[in-house]
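Visitor:
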Amino acid sequence: MANIAVQRIKREFKEVIKSEETIKNQIKVELVGDNFTELRGEIAGPPDTPYEGGKYHLEIKIPETYPFNPPKVRFITKIWHPNISSVTGAICLDILKDQWAAAMTLRTVLLSLQALLAAAEPDDPQDAVVANQYKQNPEMFKQTARLWSHIYADAPISSPDYTRKIDKLCAMGFDKNAVIAALSSKSWDVETATELLLSN
Amino acid sequence: MDDAAEDAGSCSLSRLQMLSLKWQVRVCCRWASATMSEQAAVVMQQNLDRSCWVCFATDEDDRTAEWVRPCRCRGSTKWVHQACLQRWVDEKQRGNSTARVACPQCNAEYLIVFPKLGPVVYVLDLADRLISKAGPFAAAGIMVGSIYWTAVTYGAVTVMQVVGHKEGLDVMERADPLFLLIGLPTIPVMLILGKMIRWEDYVLRLWRKYSNKLQILNSIFPGIGCPVPRIPAEASPLADHVSATRILCGALVFPTIATIVGKLMFSSVNSNLQRTILGGIAFVAIKGAFKVYFKQQQYLRQAHRKILNFPEQEEA
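Chains A and B, in that order, give the protein sequences. Be aware that the first sequence starts at 1, since it is given in the numbering used here, and climbs by one per residue. Be aware that the second sequence starts at 1001, since it is given in the numbering used here, and climbs by one per residue.
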């Protein structure tokens, strides 16, 4: 990898480690391997959002041409959010695409992602199903996002009603992740979710 | 937050700015890397302690590098290495070396200057730009010119074919050159325009209208006078481009056909011109008659078509 990229990532890595947010357990980075091309990030779900209390893991890949091109970031932890794919974890955020600036750092990227969790943009969605629910039924979106946070990101609060539905379908022998995805995308209607599961 | 910070990120960081207000996270890179008190210290001694916003190296890391402050930004994004910014600009321009590039934070356009051109290079540069601008026009001119000369040649060949080889050459030699240059290319144009008149259709329409009154024709072309059970939908004749190429070829080959028909049918006529005209008229008339007959038969077939019941399957 180009020297400039390694130099910069080393500095940025130190910056994150020393930052206030890391001390407060808001963000975290770890190295994957020892050549600074791949990192593991972690952000805390922001307060007063359905993601509160959750820990979200991120895959960060540093391109050869860094910092002239943005890092490739993806959620490893499953998350229910209009701008993040519920299947792949791909993120729709302008600064990770054409609005990237070389002055941005790992720290600002992680903070931006945390900010994205606090303020979704349903009109520029990555996951159309989630964005639709966000607009049509905000209360159900909140409940669903909270449930996903509880199951995948260790957030404390859960929803007993939704959990019951998940258990019911799991008892029929379906895979738990598939059940959660099916129920979430079918407005927690057990019948249509079962149909979707059977058709797959 | 200083003034420059206010208008910073009006495009690229708009979302972040909105978020930061809502959420009290200062994500913008300019002031994000240091707390406010640290920031003040940085501003105080920024010329002594510069750091590049691309490679993050400071004066201490590289004492020889050339520095530049290309935009309104202050604080940690004020200074950048000349070489680093050049690379960033290259990345943004993507090969288009005249594209404008602005600072992603404060939106100020970078002032990019080139070394002064020497007189020779200036002239070459001017010539290069003129030629590349004139290119499309020249190409269009050559295309039009080629088509024109093709038309002139076709006209001349047609004249020799119709009037006869020797006589044709004589006529053209005696004629005014300007008249030839205008007159010869109009020959193919007139042929094509003439071919576009679909006189058979008018004949056919008239025929269908007055067919009851022309009892004799009914004996020649059976079925024309009969009442039809339905009016078929008509296909538009010029719509598909197959018929456009057909018109072109038919029009351009017409003088040849007229000559051949003239020679076959009117060999007693001595004048080449008269014989060819007679041949042309005979060809058009015979072909028209066949066409009218063919079209009418197709029309009747369409009109008499029937749709059958679906064959019922016996239940097992």
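For every residue, glycine included, the Cβ atom is placed at its ideal position computed from N, Cα and C.
(1) Check whether the region 120-127 of chain A and the region 82-94 of chain A touch, using three or more Cβ-Cβ pairs below 8 Å as the test.
(2) Counting contacts by CB-CB distance shorter than 8 Å, is I17 of chain A in contact with chain B?
(3) Following the continuous alpha helix (DSSP H) through K28 of chain A, name the residue where it begins and the one where it ends.
(4) Under 9 Å Cβ-Cβ, which residues of chain B neighbour F36 of chain A?
(5) Can you find a CB in chain B that lies within less than 8 Å of the CB of A44 of chain A?
(6) List the residues that DSSP assigns as beta-bridge partners of I1281 of chain B.
(7) Look at the alpha carbon of R1072 of chain B and the alpha carbon of Y1110 of chain B, and state the distance between them as a whole number of angstroms.
(8) With DSSP collapsed to three states, give me the class of G1095 of chain B.
(9) Within 8 Å (strictly less), CB to CB, does I27 of chain A reach chain B?
(10) For D154 of chain A, which residues from the same chain have a beta carbon less than 7 Å from its beta carbon, with the 5 sequence-adjacent residues on both sides left out?
(11) Could you tell me which chain B residues have their CB closer than 8 Å to the CB of P67 of chain A, listed as they occur along the chain?
(12) Please say whether R107 of chain A and I91 of chain A have beta carbons closer to each other than 8 Å?
(13) Is A1032 of chain B helix, strand or coil when you go by DSSP?
(14) Against chain A, does P1104 of chain B count as a neighbour if the rule is that its beta carbon must be under 8 Å from one of theirs?
(15) Look at the alpha carbon of Q1086 of chain B and the alpha carbon of D1061 of chain B, and state the distance between them as a whole number of angstroms.
(16) With a threshold of 16 other CB atoms inside 10 Å of the CB of S1132 of chain B, please say whether the residue is buried or exposed.
(17) In terms of alpha-carbon separation, which member of A:N200, A:L31, A:R8 and A:P47 lies closest to A115 of chain A?
(18) Would you say A102 of chain A reaches chain B, if we count a Cβ-Cβ gap shorter than 8 Å as a contact?
(19) Could you work out which residues of chain A lie near W1067 of chain B, taking near to mean beta carbons separated by less than 8 Å?
(20) Shorter than 8 Å from the beta carbon of R1087 of chain B to some beta carbon of chain A?
(21) Span of the alpha helix (DSSP H) holding A1140 of chain B?
(22) For a quick check, are the C-beta atoms of I60 of chain A and L113 of chain A less than 8 Å apart?
(23) Kindly confirm or deny that the region 1203-1210 of chain B and the region 1289-1299 of chain B touch, where touching means at least three C-beta pairs closer than 8 Å.
(24) Any beta carbon from chain A within less than 8 Å of E1091 of chain B's own beta carbon?
(25) Is Q7 of chain A close to chain B, meaning its C-beta is less than 8 Å from at least one C-beta of that chain?
(26) Check the Cβ-Cβ distances between I4 of chain A and every residue of chain B, and say whether any is below 8 Å.
(27) Using a cut-off of 8 Å between C-beta atoms, extract the partners of T1077 of chain B located in chain A.
(28) Assign Y1202 of chain B to one of two classes, buried (16 or more other C-beta atoms within 10 Å of its C-beta) or exposed (fewer than that).
(29) Go ahead and label Q143 of chain A buried or exposed: buried means 16 or more other beta carbons lie within 10 angstroms of its beta carbon, across all protein chains shown.
(30) According to DSSP, is N1309 of chain B helix, strand or coil?
(31) Using a Cβ cut-off of 8 Å, pull out every chain B residue sitting near R74 of chain A, in sequence order please.
(32) May I ask you to report which of helix, strand or coil DSSP gives E12 of chain A?
(33) Check whether the region 1049-1059 of chain B and the region 5-16 of chain A are in contact - that is, three or more C-beta pairs closer than 8 Å.
(34) Return yes when the Cβ of S1051 of chain B is within less than 8 Å of the Cβ of W1079 of chain B, no when it is not.
(35) Of the choices A:D34, A:L31 and A:G45, whose alpha-carbon is the least far from that of N25 of chain A?
Guide: Checking against the coordinates, here is how it stands:
(1) yes
(2) Within the first sequence, the letter at position 17 stands for residue 17 of chain A. Answer no: the Cβ-Cβ gap between I17 of chain A and chain B never drops below 8 Å.
(3) As a working mapping, residue 28 of chain A is identified with position 28 in the first sequence. No alpha helix (DSSP H) holds K28 of chain A; the beta strand (DSSP E) holding it covers I27 to L31.
(4) By one-based count along the first sequence, residue 36 of chain A stands at place 36. Chain B residues near F36 of chain A: none, gap ~14 Å exceeds 9 Å.
(5) Counting from one through the first sequence, the residue named residue 44 of chain A turns up at place 44. So no, A44 of chain A is outside the interface.
(6) For this step, residue 1281 of chain B is matched to residue 281 along the second sequence. None; I1281 of chain B has no bridge partner.
(7) In the second sequence, residue 1072 of chain B corresponds to position 72, counting from 1. In the second sequence, residue 1110 of chain B corresponds to position 110, counting from 1. Looking at the two C-alpha atoms, the distance is approximately 10 Å.
(8) Counting from one through the second sequence, the residue named residue 1095 of chain B turns up at place 95. Coil.
(9) Taking the first sequence and counting its residues from 1, one reaches residue 27 of chain A at position 27. By this cut-off, I27 of chain A is not an interface position.
(10) For this step, residue 154 of chain A is matched to residue 154 along the first sequence. Excluding positions up to five away in sequence, the list reads G54 and K55.
(11) Position 67 of the first sequence holds residue 67 of chain A. The answer, in chain order, is V1054 and C1055.
(12) The count along the first sequence starts at 1 and reaches residue 91 of chain A at position 91. The count along the first sequence starts at 1 and reaches residue 107 of chain A at position 107. Cβ distance not < 8 Å, so I91 of chain A and R107 of chain A don't count as in contact.
(13) The sequence position of residue 1032 of chain B within the second sequence is 32, counting from 1. Per-residue confidence for A1032 of chain B stands at a pLDDT of 42, beneath the threshold of 50, marking its modelled position as unreliable; no derived number is given.
(14) Taking the second sequence and counting its residues from 1, the one referred to as residue 1104 of chain B is at position 104. Yes - at least one Cβ of chain A is within 8 Å of the one on P1104 of chain B.
(15) Your numbering for residue 1086 of chain B matches position 86 in the second sequence. Your numbering for residue 1061 of chain B matches position 61 in the second sequence. Rounded to the nearest angstrom, the two C-alpha atoms are 19 Å apart.
(16) Within the second sequence, numbered from 1, the residue matching residue 1132 of chain B stands at position 132. Looking at its Cβ environment, which holds fewer than 16 other Cβ atoms inside 10 Å, S1132 of chain B is exposed.
(17) Indexing the first sequence from 1 puts residue 115 of chain A at position 115. The option with the nearest alpha carbon to A115 of chain A is A:P47.
(18) Residue 102 of chain A sits at position 102 when you count from the first residue of the first sequence. At least one chain B Cβ lies under 8 Å of A102 of chain A.
(19) In the second sequence, the residue the question calls residue 1067 of chain B occupies position 67. Those do not exist, as W1067 of chain B stays about 15 Å from chain A at its closest Cβ, beyond 8 Å.
(20) What you label residue 1087 of chain B is simply residue 87 of the second sequence in a count that begins at 1. Yes, because at least one Cβ of chain A sits closer than 8 Å to the Cβ of R1087 of chain B.
(21) For the purposes of this step, residue 1140 of chain B is identified with residue 140 of the second sequence, where counting begins at 1. Unbroken alpha helix (DSSP H) run through A1140 of chain B: P1119 to V1163.
(22) The residue you call residue 60 of chain A lines up with position 60 of the first sequence. The residue you call residue 113 of chain A lines up with position 113 of the first sequence. Not closer than 8 Å, so no.
(23) yes
(24) If you number the second sequence from 1, residue 1091 of chain B lands on position 91. With 8 Å as the cut-off, E1091 of chain B counts as an interface residue toward chain A.
(25) The count along the first sequence starts at 1 and reaches residue 7 of chain A at position 7. It does: the Cβ of Q7 of chain A has a partner Cβ on chain B nearer than 8 Å.
(26) Looking up residue 4 of chain A in the first sequence gives position 4. Yes, I4 of chain A lies at the interface with chain B (some Cβ there is under 8 Å from its Cβ).
(27) In the second sequence, the residue the question calls residue 1077 of chain B occupies position 77. Here the neighbours are A103.
(28) The residue you call residue 1202 of chain B lines up with position 202 of the second sequence. Label assigned to Y1202 of chain B: exposed.
(29) Your numbering for residue 143 of chain A matches position 143 in the first sequence. Burial call: buried.
(30) As a working mapping, residue 1309 of chain B is identified with position 309 in the second sequence. Correct three-state label for N1309 of chain B: coil.
(31) Position 74 of the first sequence, counted from the first residue, corresponds to residue 74 of chain A. By Cβ distance, chain B contributes nothing, its closest Cβ being about 19 Å from R74 of chain A, past 8 Å.
(32) Taking the first sequence and counting its residues from 1, the one referred to as residue 12 of chain A is at position 12. If DSSP states are grouped into helix, strand and coil, E12 of chain A belongs with the helices.
(33) yes
(34) In the second sequence, residue 1079 of chain B corresponds to position 79, counting from 1. In the second sequence, residue 1051 of chain B corresponds to position 51, counting from 1. Closer than 8 Å, so yes.
(35) Within the first sequence, residue 25 of chain A is the residue found at index 25, counting from 1. Closest option to N25 of chain A, Cα to Cα, is A:G45.
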